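Here's the structure we're looking at; comments come further down.
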Amino acid sequence: MDLSPKFRGEKFQCPHCQVLSNQTWFDINTSSDAANKILNHVFYEYRTKIHSHQQEAIAAFIDRVEATNNRHMSEFVPVGFSVATCSSCSKISLWVSQEIVYPKQTAVAPPNQDMEQEIQNLYIEASTIVIDSPKGATALLRLALQLLLKQLGKSGKNINNDIKELVAEGLSPKIQKALDLLRVVGNNAVHPGQIDLEDGRDIALKLFHVLNFIADEMISKPKELDLLYSDVIPEETQKHINERDGN
8 MDLSPKFRGE
18 KFQCPHCQVL
28 SNQTWFDINT
38 SSDAANKILN
48 HVFYEYRTKI
58 HSHQQEAIAA
68 FIDRVEATNN
78 RHMSEFVPVG
88 FSVATCSSCS
98 KISLWVSQEI
108 VYPKQTAVAP
118 PNQDMEQEIQ
128 NLYIEASTIV
138 IDSPKGATAL
148 LRLALQLLLK
158 QLGKSGKNIN
168 NDIKELVAEG
178 LSPKIQKALD
188 LLRVVGNNAV
198 HPGQIDLEDG
208 RDIALKLFHV
218 LNFIADEMIS
228 KPKELDLLYS
238 DVIPEETQKH
248 INERDGN
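Residue numbers (this note's numbering): 8 to 254.
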């Protein structure tokens, strides 16, 4: 199922909060409808207080105003301009000629949901600027990595030392490579070194995948295994296994 933003889509994955949510649209057509509904609502509230012949005159006037609104609303709301408001976060996306122009779209997957919310927020913020500022996005992802290491039980103060500790604890070489990849590139975004990030959009886009990969391997998969273990293995058997292993 394609969840990406679609013009006039009733529901899609919000480019701000990444939640699959309903969208309320505003454009030249809905603006005319909204204005006309207000007019009619005011009249229907007022009609109980006036004579029938006055009601007919006001109804005729409203018909003329509605026709005028439909003809001239483009002077206030440009043709081809639309706004979608997310029902989840209330933020808007702007569309011109049926194409989204804000926020800028990238091929970035949503953040791993097992990461703490602050890390997810940094990930999403980085995704909104990666097209215009790959360096800025990379720097944010480096900070996200720092917080992720803290979530994993490390200090979060020195990324290199935290990785060293994980390696000493038996960290998988592939995860170590992913950590160092994000660390080294992130360091170059903050303190320029040998990696050229002047046009590093492709590199920055890959780093989103790297951060999700680390979270998946270090948090999500162990979490899934723990849940499966507790659901399938009886408590008495778990106790015997722990005694066997000296736990």
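A virtual CB, placed ideally from N, CA and C, is assigned to each residue, including glycine.
All of these numbers come straight from a predicted model, not from anything done at the bench.
### Terminal residues of the alpha helix (DSSP H) in which Leu134 lies
Here residue 134 is Ser; the residue named in the question, Leu, does not match the sequence. Gln124 to Ile136 is the extent of the alpha helix (DSSP H) around Ser134.
> How long is the line joining the alpha carbons of Ser89 and Met80, rounded to whole angstroms?
Replying inline: 13 Å
Problem - Phe68 burial status per 10 Å Cβ neighbour count (16 or more: buried) - result: exposed
Going by Cα to Cα distance, which pick from Asn43, Ala66, Lys44 and Ile45 is closest to Arg54? Ala66
*Can you tell me whether DSSP reads Glu73 as helix, strand or coil?*
helix
- request: Mind listing, in chain order, the continuous beta strand (DSSP E) runs of no fewer than 3 residues lying wholly within the region 30 to 98?
  value: 88 to 93
- Task: In the DSSP assignment, find the unbroken beta strand (DSSP E) run with Val174 in it and report its ends.
- Result: Where Val174 is concerned, there is no enclosing beta strand (DSSP E), although the alpha helix (DSSP H) it sits in stretches over Ile166 to Ala175.
| query | Who are the Cβ neighbours of Ser39 in its own chain at under 7 Å, not counting the five residues just before and after it? | reply | Asn76, Asn77 and Met80
- Query: Based on the DSSP secondary-structure assignment, which residues constitute the bridge partners of Ile107?
  - Reply: Trp102
- Might you give, ordered along the chain, the residues of its own chain that have their beta carbon closer than 7 Å to the beta carbon of Ile166, omitting 5 neighbours on each side? Leu152, Gln153, Leu156 and Arg190
Report task. Answer yes if the region 105 to 115 comes into contact with the region 21 to 28, meaning at least three C-beta pairs across the two stretches below 8 Å, and no otherwise. Result -> yes
Per the DSSP calculation, Gln20 is bridged to which residue(s)?
Beta-bridge partners of Gln20 (DSSP): Leu27.
(message) If the criterion is Cβ atoms closer than 8 Å, does the pair Gln183 and Ile170 meet it?
(response) Yes.
Assigned secondary structure, Arg208 (DSSP; H/G/I helix, E/B strand, else coil): helix
Cα-Cα separation, Asn47 to Gly87: C-alpha separation (whole angstroms): 26 Å.
field: Proximity to Cys96 [Cα-Cα], best of Lys13, Asn29 and Ala74
entry: Asn29
_Element boundaries [alpha helix (DSSP H), containing Leu152]_ = Pro141 to Gln158
> Between Leu234 and Glu176, what straight-line distance do the alpha-carbon atoms span, to the nearest angstrom?
Replying inline: 23 Å
Going straight from the alpha carbon of Gly16 to that of Ala41, what length do you get? 19 Å
CB-CB length for Asp187 against Asn119, believed under 8 Å = Their Cβ separation, rounded to whole angstroms, is 19 Å, which puts Asp187 and Asn119 out of contact at 8 Å.
**Study point:** Inter-residue Cα distance where the pair is Lys230 and Pro141
**Key:** 32 Å
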